[in-house]
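What follows is a set of notes on a single structure, which appears directly below.
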Amino acid sequence: MDAWNKKHILGIKELDRSEIETILSLAQSFKGISKRDVKKVPALRGKTIVNLFFENSTRTRTSFELAAKRLSADVLNFSASASSLNKGETIIDTIKTLEAYHPDIFVVRIGSSASLPVLAKYTKASFVNAGDGKNEHPTQALLDMFTVKEVFGTLEGLNILVVGDILHSRVARSDIFGFTKFGSPVTVCAPPTLVPYGFEEIGAAISYDLDEAIEKADVIIMLRVQKERQSSSFFPTLREYAHLFALTPERMKKAKKNVIVLHPSPVNWDEEICSSLKEKLHPLILKQAENGLAIRMAALFLVGTRKRTL
Amino acid sequence: MKILIKNATIVNPNKVFKASILIEKDRIVSLAQRIRTKADKEIDAEGKYLFPGFIDMHAHFRAPGREDEEDIFTGACAAVRGGYTAVCCMPNTNPAIDNEARVRWLIEEAQKDDLIDLFPAGAITKERAGRELTEFVALKQAGALLVTDDGSAIKDPLILRRALEYSKMAKILVAEHCEEHALTQNGSLREGFISSKYGIAAIPAIAESLVVARDVELARYLNARIHLMHISTVRSIEIIKRAKKDGVKVTCETCPHYFSLTVDDAEAAGFSGNFKVNPPLGDKKDIEAVKKALRDGVIDCISTDHAPHSPAEKELPFEEAPFGFVGLETAFAVSYTNLVKSKILDLKNLAQKMAYNPARVLGLENRGKIAKNFKADLVIVDLNRQFKVTEKTFASKSKNSPFLGRELYGAIETTIHNGRIVYSAGADE
Amino acid sequence: MAKNQATTALEAADIKRILYQLAREVIEKTPELETLVLLGIQTRGVYIARRIRKIIQDIEGVELPLGTLDITLYRDDLTTIGPSPLVKETKIDFDINGKVVILIDDVLFTGRTIRAALDEIMDFGRPKRVELLVLADRGHRELPIRADFTGKSLPTAEDEFVEVRLKEIDKKDEVIILKA
Numbered sequence: 000m001d002a003w004n005k006k007h008i009l010g011i012k013e014l015d016r017s018e019i020e021t022i023l024s025l026a027q028s029f030k031g032i033s034k035r036d037v038k039k040v041p042a043l044r045g046k047t048i049v050n051l052f053f054e055n056s057t058r059t060r061t062s063f064e065l066a067a068k069r070l071s072a073d074v075l076n077f078s079a080s081a082s083s084l085n086k087g088e089t090i091i092d093t094i095k096t097l098e099a100y101h102p103d104i105f106v107v108r109i110g111s112s113a114s115l116p117v118l119a120k121y122t123k124a125s126f127v128n129a130g131d132g133k134n135e136h137p138t139q140a141l142l143d144m145f146t147v148k149e150v151f152g153t154l155e156g157l158n159i160l161v162v163g164d165i166l167h168s169r170v171a172r173s174d175i176f177g178f179t180k181f182g183s184p185v186t187v188c189a190p191p192t193l194v195p196y197g198f199e200e201i202g203a204a205i206s207y208d209l210d211e212a213i214e215k216a217d218v219i220i221m222l223r224v225q226k227e228r229q230s231s232s233f234f235p236t237l238r239e240y241a242h243l244f245a246l247t248p249e250r251m252k253k254a255k256k257n258v259i260v261l262h263p264s265p266v267n268w269d270e271e272i273c274s275s276l277k278e279k280l281h282p283l284i285l286k287q288a289e290n291g292l293a294i295r296m297a298a299l300f301l302v303g304t305r306k307r308t309l
Numbered sequence: 000m001k002i003l004i005k006n007a008t009i010v011n012p013n014k015v016f017k018a019s020i021l022i023e024k025d026r027i028v029s030l031a032q033r034i035r036t037k038a039d040k041e042i043d044a045e046g047k048y049l050f051p052g053f054i055d056m057h058a059h060f061r062a063p064g065r066e067d068e069e070d071i072f073t074g075a076c077a078a079v080r081g082g083y084t085a086v087c088c089m090p091n092t093n094p095a096i097d098n099e100a101r102v103r104w105l106i107e108e109a110q111k112d113d114l115i116d117l118f119p120a121g122a123i124t125k126e127r128a129g130r131e132l133t134e135f136v137a138l139k140q141a142g143a144l145l146v147t148d149d150g151s152a153i154k155d156p157l158i159l160r161r162a163l164e165y166s167k168m169a170k171i172l173v174a175e176h177c178e179e180h181a182l183t184q185n186g187s188l189r190e191g192f193i194s195s196k197y198g199i200a201a202i203p204a205i206a207e208s209l210v211v212a213r214d215v216e217l218a219r220y221l222n223a224r225i226h227l228m229h230i231s232t233v234r235s236i237e238i239i240k241r242a243k244k245d246g247v248k249v250t251c252e253t254c255p256h257y258f259s260l261t262v263d264d265a266e267a268a269g270f271s272g273n274f275k276v277n278p279p280l281g282d283k284k285d286i287e288a289v290k291k292a293l294r295d296g297v298i299d300c301i302s303t304d305h306a307p308h309s310p311a312e313k314e315l316p317f318e319e320a321p322f323g324f325v326g327l328e329t330a331f332a333v334s335y336t337n338l339v340k341s342k343i344l345d346l347k348n349l350a351q352k353m354a355y356n357p358a359r360v361l362g363l364e365n366r367g368k369i370a371k372n373f374k375a376d377l378v379i380v381d382l383n384r385q386f387k388v389t390e391k392t393f394a395s396k397s398k399n400s401p402f403l404g405r406e407l408y409g410a411i412e413t414t415i416h417n418g419r420i421v422y423s424a425g426a427d428e
Numbered sequence: 000m001a002k003n004q005a006t007t008a009l010e011a012a013d014i015k016r017i018l019y020q021l022a023r024e025v026i027e028k029t030p031e032l033e034t035l036v037l038l039g040i041q042t043r044g045v046y047i048a049r050r051i052r053k054i055i056q057d058i059e060g061v062e063l064p065l066g067t068l069d070i071t072l073y074r075d076d077l078t079t080i081g082p083s084p085l086v087k088e089t090k091i092d093f094d095i096n097g098k099v100v101i102l103i104d105d106v107l108f109t110g111r112t113i114r115a116a117l118d119e120i121m122d123f124g125r126p127k128r129v130e131l132l133v134l135a136d137r138g139h140r141e142l143p144i145r146a147d148f149t150g151k152s153l154p155t156a157e158d159e160f161v162e163v164r165l166k167e168i169d170k171k172d173e174v175i176i177l178k179a
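As given, the protein sequences belong to chains W, S and R, one line each in that order. In this text, residue positions in the first sequence follow numbering that gives the first Met the number 0: the first is 0, and each later residue adds one. In this text, residue positions in the second sequence follow numbering that gives the first Met the number 0: the first is 0, and each later residue adds one. In this text, residue positions in the third sequence follow numbering that gives the first Met the number 0: the first is 0, and each later residue adds one.
Quick look at the structure:
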């Protein structure tokens, strides 16, 4: 296996296939740790990991926190809301202040897309992206790929269908980059107003018709619908959106028998997925969270044990 | 019921030829030089011309809200009297046609008498307020073929962008009334020498072309279809011509008054409210440009913008009168007289502009042409009959027309819809 | 590495004999055979552990519980080692509390691997006793660690490499010493 020599994990765009495979296979080992009595290994003992969350997220933050702790690292949680910070300058000040504690890793969630390289200039620490604006959410895509591989045994040649607000979704982007790297064709399904301009170039097929697109999907990734999008006229009403893009029992009948459904959570039951499907679909979605912890342990481990001689 | 029409000169969008046709139920079942089948009704159309039923993409039926000016029934009567068998009625009613229930209601109303096929246009935004999109997919499923906020342009380009993007999925046509409202406030007459001479608040020609340019650019950028309504100015036409050449998916329409009347006619009529319309009547250059654009195919369709207003409202000082005139009943005659008789267009072209192209733009099949298995929506016209436009010419509740008192050629004799005679000139008079 | 710099320290027959002897030693020294569990250290320690287990089964008719241990996450040199470690499976499906654990590896060298293994074992429970069994001891301890059961002592220079090859993955059984 090749040496891991990336200082940061910023996005799937920057990872090649073998690096992704390294993370996935490590995650498999880390999954076992959570089943032990002592759910801890000393791999990152003494390292300081700062959860720097400029956007609120209890789920992702606690997942990273627990991942860090299970690797025996010391965790510092720093949450800042947009109102308590002026954008730009004070974010840098925050980094500089925290740099005084010589952190090893920053786990960052921030509202501005593609902003991490700028922040990285002000610290020696490594960065793991927990979601930057609409750009990427690499650990989410990695856990999605991990989950798919667990079910299908492979990441190649599967038809992936991503449904929902692609325009505003970092999860969608990361998933698309990830699955296409392994040769699994991705179709995105959304109203035209929620498909980014020129998206055909990214390598995904575009469909406006879920009933048609669902027929050949092996994996369906449902994105959350944000109601604010209605008032910005991305779609006229939640009603029409759900009528066309929600996962309903009737639509599921058109899908392949072995299709799996993933969701980055939390699920708005009866908005993007009909609650009558909850019993069937929720277990795998919950499994994603378990896998997410293992993926994040792998990510922190790789970045935290990177050779320092470079 | 079987109807046989003999010896007609058939005007198809690609060919004019003499033939007979046999109608059964709602279809044309036979088209030949001679048809020997026995029919329940025979019409001898010797010396007359048979056109496909005209399709109006733009008329105001005022229901719900102003049934004093027009209702679905009288609107349909006006349509068939003008040879129209299908109409898109505009959504700027009170309340606006911004949801599927209202679309369905209008269609059901029209089906009661079945004089025409009514394809109500839905509004692009809720209440035509220009802020939130309507449910295009639901509107399409209810029977709307196009969406427009006609009466107003979409002021916010972001909303128009979303509408154009969304329409790709909904497969419904976005149509725009092109007017930069900031430039036309309080205006009633085309800006120019006459408006300046009389001090009448004016509407500049660029109010239309600015929005035409904007909309064409958006359609180009998004690779989306857009239809521009009642095009009337030189610059608008130039912009559309260039855009079409570049492959932008824009179609457009004009109205009979934009190739037959000028602001001078309004002056000559003493600024009667019957000459007030939006977009306003232009000058000779505009008329020439519109005619040329019709001939070159830059303008795809002729629509009427039929706008009934009660006499009380139209008999007001020009600046206070509401915009618009009735036009369903006179559209063909005005078009024939001003375009074909003056050799700008031939009959085939006229059939294209009034029937075939509207069908194509709206995505209607089996219409707009006279052929076997096509819908039996037809109109028999006497091109040689001259008539004077009077209030009796209009079946509409309103008679606000600038053509009152004029002599026109091309009288509608018989209109057939779904294989039934829905208008017959003889029966009326 | 030039081939002529390699010496064969143990051949297949030697390994077979040594493992047999080790198994017998374990049986003799451990009165409470039913409290015995075997833990093989990834990778070759696992294969050796399996062989030992088979031999004990053949002799005593008892199949001892076998677990595998990957010590990567407990190493003390994670940031300075070469290629990213491939973390293999750690699987201990049984309770080790109160058990006698025989920790099994192929070569005992600095003792750091064993130290890591001990830390990891402690995270799984509290064994009664942990004893170390190795196929070869090459000396040069850096920690106070010793084996309880040693197959063969191999004197080596610190900069030499000891390669254990097992037919399960290397097609033949042999132990080679390579000069630097």
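C-beta: ideal position from N, C-alpha, C; glycine also.
Which chain W residues sit within Cβ distance under 8 Å of residue i?
i	result
residue 167 (chain S)	191 and 207
residue 39 (chain R)	By Cβ distance, chain W contributes nothing, its closest Cβ being about 16 Å from residue 39 (chain R), past 8 Å.
residue 123 (chain R)	35, 36 and 37
If residue i sits next to residue j, beta carbons under 8 Å apart, how far is it from one beta carbon to the other, in whole angstroms?
i	j	result
residue 173 (chain W)	residue 8 (chain W)	Residue 173 (chain W) to residue 8 (chain W), Cβ: 11 Å. No contact.
residue 104 (chain R)	residue 60 (chain R)	Not really, about 26 Å apart at Cβ, beyond 8 Å.
residue 112 (chain W)	residue 132 (chain W)	3 Å
residue 273 (chain S)	residue 403 (chain S)	7 Å
residue 80 (chain S)	residue 328 (chain S)	5 Å
residue 221 (chain S)	residue 332 (chain S)	Actually they are not in contact, since the Cβ atoms of residue 221 (chain S) and residue 332 (chain S) sit about 39 Å apart, beyond 8 Å.
residue 159 (chain W)	residue 185 (chain W)	5 Å
Distance, Cα to Cα, residue i vs residue j?
i	j	result
residue 214 (chain S)	residue 157 (chain S)	11 Å
residue 97 (chain R)	residue 73 (chain W)	32 Å
residue 78 (chain S)	residue 335 (chain S)	17 Å
residue 67 (chain W)	residue 43 (chain W)	8 Å
residue 229 (chain W)	residue 203 (chain W)	25 Å
residue 145 (chain R)	residue 294 (chain W)	37 Å
residue 246 (chain W)	residue 277 (chain W)	11 Å
residue 34 (chain R)	residue 99 (chain R)	6 Å
residue 109 (chain S)	residue 21 (chain S)	26 Å
residue 367 (chain S)	residue 178 (chain W)	49 Å
residue 226 (chain W)	residue 250 (chain S)	34 Å
Quick one: list the residues of chain W neighbouring residue i, beta-carbon separation under 9 Å, in chain order.
i	result
residue 13 (chain R)	Per Cβ cutoff of 9 Å: no residues; residue 13 (chain R) is ~32 Å from chain W at best.
residue 135 (chain S)	235 and 239
So what's residue i in DSSP terms, helix, strand or just coil?
i	result
residue 343 (chain W)	Since the displayed chain W opens at 0 and closes at 309, residue 343 (chain W) lies outside it and no answer follows.
residue 100 (chain W)	coil
residue 428 (chain S)	Low confidence applies here, because residue 428 (chain S) scores a pLDDT of 41, under 50, leaving its location unreliable; read the following figure in that light. In this structure, residue 428 (chain S) counts as coil in the three-state DSSP scheme.
residue 290 (chain W)	helix
residue 25 (chain W)	helix
residue 356 (chain S)	helix
residue 51 (chain S)	strand
residue 225 (chain S)	strand
At 7 Å on the CB atoms, spell out the chain S contacts of residue i, in chain order.
i	result
residue 232 (chain W)	131, 132, 158 and 161
residue 310 (chain W)	The question about residue 310 (chain W) has no answer, for chain W in this structure spans 0 to 309.
Kindly list, in the order they appear in chain W, the residues whose Cβ is closer than 7 Å to that of residue i.
i	result
residue 164 (chain S)	191 and 192
I want to verify the contact list: residues of chain R whose CB lies under 7 Å from the CB of residue i, in sequence order.
i	result
residue 25 (chain W)	86
Original post:
Quick one: any contact between the region 187 to 197 of chain S and the region 279 to 287 of chain S, if contact means 3 or more CB pairs under 8 Å?
Top reply: Yes, the region 187 to 197 of chain S touches the region 279 to 287 of chain S.
Original post:
Between the region 136 to 150 of chain S and the region 173 to 182 of chain S, do three or more beta carbon pairs fall short of 8 Å?
Top reply: Counting Cβ pairs under 8 Å, three or more are found: they touch.
Original post:
Taking contact to mean at least 3 C-beta pairs separated by less than 8 Å, is the region 313 to 332 of chain S in contact with the region 299 to 307 of chain W?
Top reply: No, the region 313 to 332 of chain S is not in contact with the region 299 to 307 of chain W.
Original post:
With contact counted as at least three CB pairs below 8 Å, one residue from each stretch, are the region 114 to 132 of chain R and the region 66 to 73 of chain R in contact?
Top reply: With the cut-off at 8 Å, the region 114 to 132 of chain R and the region 66 to 73 of chain R touch.
Original post:
Should the region 255 to 263 of chain W be called in touch with the region 218 to 225 of chain W, which here means at least 3 C-beta pairs below 8 Å?
Top reply: As far as the Cβ criterion goes, the region 255 to 263 of chain W touches the region 218 to 225 of chain W, which means the pair count is three or higher.
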